[in-house]
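Reading through the structure tokens given below for one structure.
Protein chains: 2
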Amino acid sequence: MDQTEDKTLESEDNFGLSPRIFDQALDAIEAEDAPALEALLDPLHPADIADLIEQLDGRDRRALLELAPSAVDGDVLSELDENLRDAVIPQMAPEQLAEAVRDLESDDVVDLVEYLDTAQQEAVLDALPASDRVAVEKALAYPEESAGRLMQVEVARAPEHWSVGEAIDFLRSSPTLPDQFYHLVLVDPRMRPVGQATLGRILSSGRDALLKDIVEDTFITFKVTDDEGDIARAFNQYHLISSPVVDANERLVGVITIDDAMNVLDEEHAEDMLRLAGVGESATISDSTFETVKQRFPWLIVNLFTVNLAALIVGLFDHTIAAVVAVAALMPVVASMGGSAGTQSLTVAVRALATHDLTSSNALRVIRRELFVGLFNGFVFAAIMAAVGTFGYGNSLLGLSLALAMITNMVVAALAGVLVPVLLDKLGFDPALASGTFVTTTTDMVGFFSFLGIATLILL
Amino acid sequence: MDQTEDKTLESEDNFGLSPRIFDQALDAIEAEDAPALEALLDPLHPADIADLIEQLDGRDRRALLELAPSAVDGDVLSELDENLRDAVIPQMAPEQLAEAVRDLESDDVVDLVEYLDTAQQEAVLDALPASDRVAVEKALAYPEESAGRLMQVEVARAPEHWSVGEAIDFLRSSPTLPDQFYHLVLVDPRMRPVGQATLGRILSSGRDALLKDIVEDTFITFKVTDDEGDIARAFNQYHLISSPVVDANERLVGVITIDDAMNVLDEEHAEDMLRLAGVGESATISDSTFETVKQRFPWLIVNLFTVNLAALIVGLFDHTIAAVVAVAALMPVVASMGGSAGTQSLTVAVRALATHDLTSSNALRVIRRELFVGLFNGFVFAAIMAAVGTFGYGNSLLGLSLALAMITNMVVAALAGVLVPVLLDKLGFDPALASGTFVTTTTDMVGFFSFLGIATLILL
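Taken in order, these protein sequences are the chains called A and B.
Under full-length UniProt numbering, the first residue of the first sequence carries the number 1, and numbering increases by one thereafter.
Under full-length UniProt numbering, the first residue of the second sequence carries the number 1, and numbering increases by one thereafter.
Structure (structure tokens):
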């Protein structure tokens with residue numbers, strides 16, 4: 001669970017930070033009017049303050065931190081984009097940082113510090129009470145993006161033989177309950193979770209009812225090393241609200257709640273989208289120019305290389321182009337249609353791989369379907385382009401070349417769109433990882449080669 | 001909340017349906033071995049049975065429904081893709097359908113029937129008890145994708161002046177509590193929600209504590225007409241677990257829970273991804289060939305039209321191409337680099353618009369950043385392509401033309417990538433709606449025109 005949510009909401013239209021508030025904050029920053037700025041930030045939810053900070057440029061951000069240092073507490077830091085935490089934390093005084101993180105739960109501190117550089121991480125850890133520090137360091141020992149990092153260690157648990165009355169008495173007298181919890185986890189004498197009861201069931205049952213008689217039927221435990229993406233999918237698939245996490249000895253070590261799982265799902269989606277487009281997975285709208293270039297440059301270089309290969313292919317046919325200049329005008333049509341169709345089939349496949357709807361069980365059937373779709377589209381667009389070649393460009397043989405190349409490239413596009421991500425997945429790579437570049441490279445090359453090759457055979 | 005989750009899980013690796021189980025089910029279907037099939041399906045979670053049905057082809061799906069009709073209950077129907085519900089429901093006998101939906105909560109029935117055709121909807125509604133039917137019909141009167149459709153009408157609520165003890169006694173004696181609930185909503189005498197207390201706080205407080213003293217600090221209510229996408233974003237932004245829904249008179253009419261919000265967020269993401277690629281938003285891997293063609297054809301036709309326009313642009317420069325054939329080989333380099341860069345900037349912008357991180361407050365700053373990124377990339381790739389033209393193609397003027405066109409197109413690409421979705425958003429369209437096609441069309445045209453135009457001026 002995240003945050004002690006102790007702020008009312010700035011809610012207009014979309015329940016987010018309104019442009020009006022943003023503009024007022026900007027005015028207050030520019031006027032160096034600290035009281036006005038604090039009055040403006042005070043009623044905002046931490047998530048909205050974080051959004052506001054993300055939308056400021058570097059200079060205004062520094063000014064805000066100087067004018068209203070107390071507005072940036074641990075909850076706001078938790079909500080900030082990772083890239084911005086790197087920028088904001090060094091600007092905070094040590095005692096300000098200590099004050100900010102003191103009230104956070106262990107999983108929030110882990111989330112806050114895990115990607116900070118060592119010096120900054122040390123600064124935050126130093127600010128924690130000793131026991132919290134141990135919990136955070138333990139979590140950081142688990143692999144990145146694992147259940148161990150995502151879970152909170154504070155768990156409401158009870159012996160499996162307890163009654164509802166015993167549980168309620170225990171909860172009333174327990175000083176160390178989590179901020180928010182939805183289940184009471186039942187454990188055996190060896191601390192292994194054996195089931196969990198919803199608080200709703202506990203509240204609506206009599207004091208004499210046994211906890212083990214009102215446990216939920218669906219009960220999943222995760223291992224500390226499980227991948228957070230798989231966990232998020234499981235929460236969505238099975239409508240989980242919270243689930244226990246166990247160590248290698250099956251002992252209860254923490255609990256993961258759905259709000260954190262939802263956050264992971266959201267991030268995984270963003271990563272898929274960005275990777276498909278060949279953008280660094282952590283790209284956000286508030287990144288600096290330099291960061292943006294760094295995220296995008298690598299795949300542009302790859303694309304530059306592959307498209308120059310495609311140019312070499314076109315160069316092989318310079319005699320054909322010199323003889324019938326119209327082929328130069330029409331070759332992008334074949335390539336582009338392949339690129340569009342390939343991207344369509346790719347996007348559906350990447351999504352289905354992410355949701356585990358595309359598996360080895362149905363891969364062959366999906367490939368067969370894509371083949372039919374490619375053939376159908378190929379024939380339809382072949383007919384259209386045959387007409388364009390014949391009537392538009394006055395050359396029926398050109399039309400024939402276009403048609404044959406179109407069928408070829410549409411089939412290749414449809415197949416590449418599903419085979420590239422499936423292959424990447426089989427090889428253990430992320431199927432979204434710049435699949436887009438691979439697929440459009442393929443359709444460019446096949447488009448140019450098939451059209452120019454066929455045109456050379458037919459027209460010359 | 002969804003489903004009475006009364007099944008254990010098929011969990012291997014990814015907590016989903018394992019290929020092994022799928023293959024065994026397929027064997028049982030082919031052997032027409034009903035007992036084996038039922039034994040296989042019985043321990044599965046409804047979500048996994050739905051996945052299994054989605055991965056079958058039409059013939060095997062019909063066979064499964066005949067062999068093991070009881071395996072497909074209301075929970076399984078709820079989990080099925082919409083497209084498949086259309087196919088499965090007509091294959092169920094009326095009494096089988098009635099049996100299936102009887103135990104569902106009202107929001108699950110709404111989710112199940114809202115996109116069915118009228119005859120099928122009628123068949124399901126007829127199967128419901130009269131009171132449930134009224135609730136479902138009332139929900140269906142709200143706009144599609146609104147809070148009114150997403151909420152459950154069963155709400156655990158209490159008068160605002162009650163104590164913890166009164167609340168617990170009420171919950172213990174109440175026969176009509178929701179299956180799962182996480183908050184007790186406090187209402188005033190006019191049934192307007194005034195706050196909510198988590199069950200955790202209620203359970204850990206003494207019987208004498210007043211509910212109004214333990215309410216949560218963050219309290220958001222949604223209107224029945226609010227858009228489900230905005231609601232899902234608000235759940236993720238503010239870490240909500242459940243939130244009351246009010247009608248036009250501010251009266252409590254239902255509650256939305258985070259698991260449904262998570263589901264909506266997941267669907268919205270899929271829609272964004274698919275729309276960006278010009279695929280019908282409801283596309284799934286289990287669609288038939290015909291459905292797939294129907295989803296993808298419209299944007300391919302649009303692309304065919306625009307790329308033929310690009311071909312006309314190239315055609316304007318046939319003298320240049322005839323004179324220096326290498327320009328035909330190199331023009332796709334300029335176009336493709338623009339397409340890649342534009343898609344990168346577009347994807348980041350679409351994501352930021354969806355999360356409300358790109359607003360009128362920072363749009364100008366983002367546009368400025370994209371401009372710098374485009375200029376930087378343009379100059380770097382211009383330098384590389386100048387070298388390629390000069391040394392690879394032995395023509396320094398060709399290199400110069402490439403360089404100038406590259407700078408032009410990279411800047412245009414970066415700007416188009418952010419301006420197209422922002423403009424679509426301003427005009428009230430979905431910013432993801434085939435932005436990809438608009439952007440690559442722009443970069444194709446500008447790429448061809450700038451390179452061929454500059455080459456004509458410099459080389460001829």
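Glycine included, C-beta positions come from ideal geometry on N, C-alpha and C.
| Asked | Found |
| --- | --- |
| Within 8 Å of chain B by C-beta, residues of the region 256 to 283 of chain A in sequence order | I258, D259, A261, M262, N263, L265, D266, H269, A270, D272, M273, L274, L276, A277, G278, V279, A283 |
| Residues bridged to R157/B (per DSSP) | V185/B |
| Where the alpha helix (DSSP H) through A197/B begins and ends | Looking at the DSSP string, A197/B is not in any alpha helix (DSSP H); the run it does join, the beta strand (DSSP E), is 193 to 198. |
| Beta-carbon neighbours of P159/A, restricted to chain B and to distances below 7 Å | Those within 7 Å of P159/A in chain B number zero; the least Cβ separation is about 17 Å. |
| Proximal residues of chain B, C-beta to C-beta of M337/A below 9 Å | L300, N303, L304, V307 |
| P298/B CB to nearest heavy atom of the ligand MN below 7 Å | Only the bare structure without any ligand can be found here, which leaves the ligand MN out of the picture. |
| Segment limits, beta strand (DSSP E) that includes L433/B | Element bounds for L433/B: n/a, residue is neither H nor E. |
| Extent of the continuous alpha helix (DSSP H) to which residue 461/A belongs | As shown, chain A starts at 1 and ends at 460. That puts residue 461/A outside it, with no answer to give. |
| Whole-angstrom C-beta distance between L252/B and K212/B, which should lie under 8 Å | About 16 Å; that fails the 8 Å criterion. |
| Residue-chain proximity (F391/A, chain B), Cβ-Cβ < 8 Å | no |
| Assigned secondary structure, L44/B (DSSP; H/G/I helix, E/B strand, else coil) | coil |
| Nearest neighbour of S336/B, chosen from T440/B, R233/B, A311/B, D57/B [CA to CA] | T440/B |
| is_contact[L9/A, chain B] using C-beta, thresh 8 Å | With a pLDDT of 38 at L9/A, under the threshold of 50, the predicted position of this residue should be treated as unreliable, though the coordinate-derived value follows. It does; some Cβ of chain B falls within 8 Å. |
| V113/A versus R149/A, R61/A, T390/A, residue with shortest Cα-Cα distance | R149/A |
| Residues from the region 388 to 414 of chain A in contact with chain B, defined by Cβ distance under 7 Å | V388 |
| Rounded straight-line distance, which links the Cα of L353/A to that of V110/A | 29 Å |
| A341/B: contacting residues in chain A (beta-carbon distance under 8 Å) | R296, L300 |
| Span of the alpha helix (DSSP H), counted from its first residue to its last, around S345/A | 326 to 354 |
| Of the listed residues F15/A, G339/A, G315/A, nearest to D444/B (C-alpha basis) | G339/A |
| Three-way DSSP call (helix, strand, coil) for V246/B in this model | strand |
| Selection from L457/B, P193/B, A234/B that minimises the alpha carbon distance to H319/B | L457/B |
| Where D57/B falls: helix, strand or coil (DSSP) | coil |
| Cβ-Cβ distance between V373/B and T289/A below 8 Å | yes |
| Exposure label - N249/B; buried when at least 16 CB within 10 Å | exposed |
| L210/B in three-state terms, based on DSSP | strand |
| Beta-carbon proximity check, I202/A vs F235/A, cutoff 8 Å | no |
| Start and end residues, alpha helix (DSSP H) containing W299/B | 289 to 315 |
| Partners in chain A for R369/B, counting only beta-carbon separations shorter than 7 Å | T289, T292 |
| Beta-carbon proximity list for L199/A, same chain, < 8 Å, skipping 5 on both sides | F181, Y182, H183, L184 |
| Nearest-angstrom Cβ-Cβ length linking Q237/B and G16/A, presumed shorter than 8 Å | 7 Å |
| Nearest-angstrom Cα separation, counted from W299/A out to L424/B | 27 Å |
| Same chain only: Cβ atoms within 8 Å of A123/A, ignoring 5 sequence neighbours per side | I89, P94, L97 |
| Contacting residues, own chain, Cβ-Cβ under 8 Å from V350/A (five flanking each side not counted) | D272, L276, P421, P431, A432, S435 |
| Exposure label - E12/B; buried when at least 16 CB within 10 Å | Note on E12/B: pLDDT 41, under 50, position unreliable in the model; the coordinate value appears next. Exposed is the call here. |
| Opposing strand residues paired with residue 489/A [DSSP bridges] | Nothing in the structure corresponds to residue 489/A, since chain A is present only between 1 and 460. |
| Listed by chain order, chain B residues near I384/A by CB distance under 7 Å | L304 |
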